[in-house]
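First the structure, in the form of structure tokens, and then the observations on it.
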Amino acid sequence: MRRFVLGWKALGFARRFRSEIVNYADDLCVLGKAPAAEMLAAVERLMAGLKLPVNERKTRCVRCPEDMFEFLGYRIGRIYRPTGKGSYIGTRPTKASVQSICRTVSELTTPRYGLRSPEDMVERLNRTIVGWANYFSLGHVSPAYSAVNQHAVRRLRQWLCRKHKVRSGGFVRFPDERLWNEYGLVHLTRKTVSFPSAKA
Numbered sequence: 046m047r048r049f050v051l052g053w054k055a056l057g058f059a060r061r062f063r064s065e066i067v068n069y070a071d072d073l074c075v076l077g078k079a080p081a082a083e084m085l086a087a088v089e090r091l092m093a094g095l096k097l098p099v100n101e102r103k104t105r106c107v108r109c110p111e112d113m114f115e116f117l118g119y120r121i122g123r124i125y126r127p128t129g130k131g132s133y134i135g136t137r138p139t140k141a142s143v144q145s146i147c148r149t150v151s152e153l154t155t156p157r158y159g160l161r162s163p164e165d166m167v168e169r170l171n172r173t174i175v176g177w178a179n180y181f182s183l184g185h186v187s188p189a190y191s192a193v194n195q196h197a198v199r200r201l202r203q204w205l206c207r208k209h210k211v212r213s214g215g216f217v218r219f220p221d222e223r224l225w226n227e228y229g230l231v232h233l234t235r236k237t238v239s240f241p242s243a244k245a
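Residue numbering for the sequence shown follows our numbering, starting at 46 and increasing by one per position.
Structural data, given as structure tokens:
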């Protein structure tokens, strides 16, 4: 992909389209002020010249902020303020990104790991959840963090109920506050302030 970025500049496309390229590994996003169709045609010509494939399923043209698009796990576009007063161009974790971390939390708390100690289980959950949150710390994160918190609390409670043979739902013995304060399960909305780039 480095060859593409260098070629884009060398052939004058960056200047012609007043564009910037954001790339990571084999994924890239071309941001510019020229007509999208012209930029896409230039991308396809350059890719063909470099004998690099273009993933047509993932390739699309959008106009921000009217349209939103997804890139590297983020959804990018217009975000309306919770107060209802105005909007801004920002980012938030995609639905698929939230579903992915929730699946991982579910896998970590299956019955096959019932012999682990609560301390070990919480440590593994925290390491996984905080690692995810460290990546997804840009923009409007609170709704995603809240969904992950709720899922983690529910799964840890179910795991503890199985471990201690608690037949009820476990809400009395293992309330949310106990899971956070006594067992030490991470609470992402409380950690938001520790992420300098995160916005509730």
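Even for Gly, the Cβ is constructed at its ideal location relative to N, Cα and C.
- Query: Is the segment 87 to 104 in contact with the segment 48 to 62, if contact means three or more CB pairs nearer than 8 Å?
  - Reply: The segment 87 to 104 is in contact with the segment 48 to 62.
- Near Ser17, what residues of its chain come up, given a Cβ to Cβ distance below 8 Å and the 5 sequence neighbours on each side ignored? No information on residue 17 is available, as it lies outside the stretch 46 to 245 that the chain covers here.
- Query: Near Gly209, what residues of its chain come up, given a Cβ to Cβ distance below 7 Å and the 5 sequence neighbours on each side ignored?
  - Reply: On the sequence shown, residue 209 is found 164 positions in, with the first residue counted as 1. It should be pointed out that residue 209 corresponds to His in this sequence rather than to Gly. When the five nearest sequence neighbours on each side are left out, no beta carbon in the same chain lies closer than 7 Å to the beta carbon of His209.
- Task: Decide yes or no for the touch test of the segment 112 to 121 against the segment 136 to 152: beta carbon pairs closer than 8 Å, at least 3 of them.
- Result: Contact between the segment 112 to 121 and the segment 136 to 152 is present: 3 or more CB-CB pairs across the two stretches fall below 8 Å.
- Do the segment 151 to 170 and the segment 223 to 233 make contact, defined as three or more Cβ pairs closer than 8 Å? Yes, they touch.
- Query: Once you ignore the five residues that flank Ala70 on each side, which residues in its own chain have a CB closer than 8 Å to its CB?
  - Reply: Position 25 of the sequence shown, counting from 1, holds the residue named residue 70. Only Met46 meet the Cβ criterion.
- In terms of alpha-carbon separation, which member of Tyr158, Val198, Gly131 lies closest to Cys147? Here residue 147 is taken as the residue at index 102 of the sequence shown, counted from 1. Nearest of Tyr158, Val198, Gly131 to Cys147, Cα basis: Val198.
- Task: Determine the burial state of Ile134: buried for a count of at least 16 other Cβ atoms within 10 Å of its Cβ, exposed for fewer.
- Result: Indexing the sequence shown from 1 puts residue 134 at position 89. By the 10 Å Cβ count, Ile134 comes out exposed.
- Query: Should Gly57 go down as buried or exposed, given a rule of 16 or more other Cβ atoms within 10 Å for buried?
  - Reply: The sequence position of residue 57 within the sequence shown is 12, counting from 1. Exposed is the call here.
- Message: I believe Pro163 touches Arg207 by the beta-carbon criterion, under 8 Å. Please report the beta-carbon distance rounded to the nearest angstrom.
- Response: Walking along the sequence shown from the start, residue 163 turns up at place 118. Walking along the sequence shown from the start, residue 207 turns up at place 162. At roughly 12 Å, the Cβ-Cβ gap does not stay under 8 Å, so Pro163 and Arg207 are not in contact.
- Alpha carbon of Glu111 to alpha carbon of Gly122, nearest angstrom: Position 66 of the sequence shown, counted from the start, is the residue given in the question as residue 111. Position 77 of the sequence shown, counted from the start, is the residue given in the question as residue 122. When rounded, the distance between both Cα atoms is 7 Å.
- Whole-number beta carbon distance between Ala189 and Phe181, since they are thought to touch under 8 Å: Along the sequence shown, one-based indexing puts residue 181 at 136. Along the sequence shown, one-based indexing puts residue 189 at 144. Your pair Phe181 and Ala189 checks out as a contact, with CB atoms roughly 7 Å apart and the cut at 8 Å.
- Item | Spatial distance of Arg90 from Val186 (CA atoms) | In the sequence shown, residue 90 corresponds to position 45, counting from 1. In the sequence shown, residue 186 corresponds to position 141, counting from 1. Using only the alpha carbons, I get a separation of about 37 Å.
- Message: Going by the DSSP bridge assignment, what does Ile134 pair with across the sheet?
- Response: The count along the sequence shown starts at 1 and reaches residue 134 at position 89. Note: Ile134 sits in a beta bridge opposite Arg123.
- How long is the line joining the alpha carbons of Trp204 and Thr154, rounded to whole angstroms? In the sequence shown, counting from the first residue as 1, residue 204 sits at position 159. In the sequence shown, counting from the first residue as 1, residue 154 sits at position 109. Going by the C-alpha atoms only, they are around 6 Å apart.
- Nearest to Arg108 by CA position, among Tyr125, Leu85, Arg126, is which residue? Translated into the one-based positions of the sequence shown, residue 108 becomes position 63. Cα-wise, what sits closest to Arg108 is Leu85.
- Task: Taking Tyr180 as part of the alpha helix (DSSP H), name the residues at either end of that continuous run.
- Result: Start at 1 with the first residue of the sequence shown, and residue 180 comes out as number 135. It spans 163 to 180 - the alpha helix (DSSP H) in which Tyr180 sits, taken as one unbroken run.
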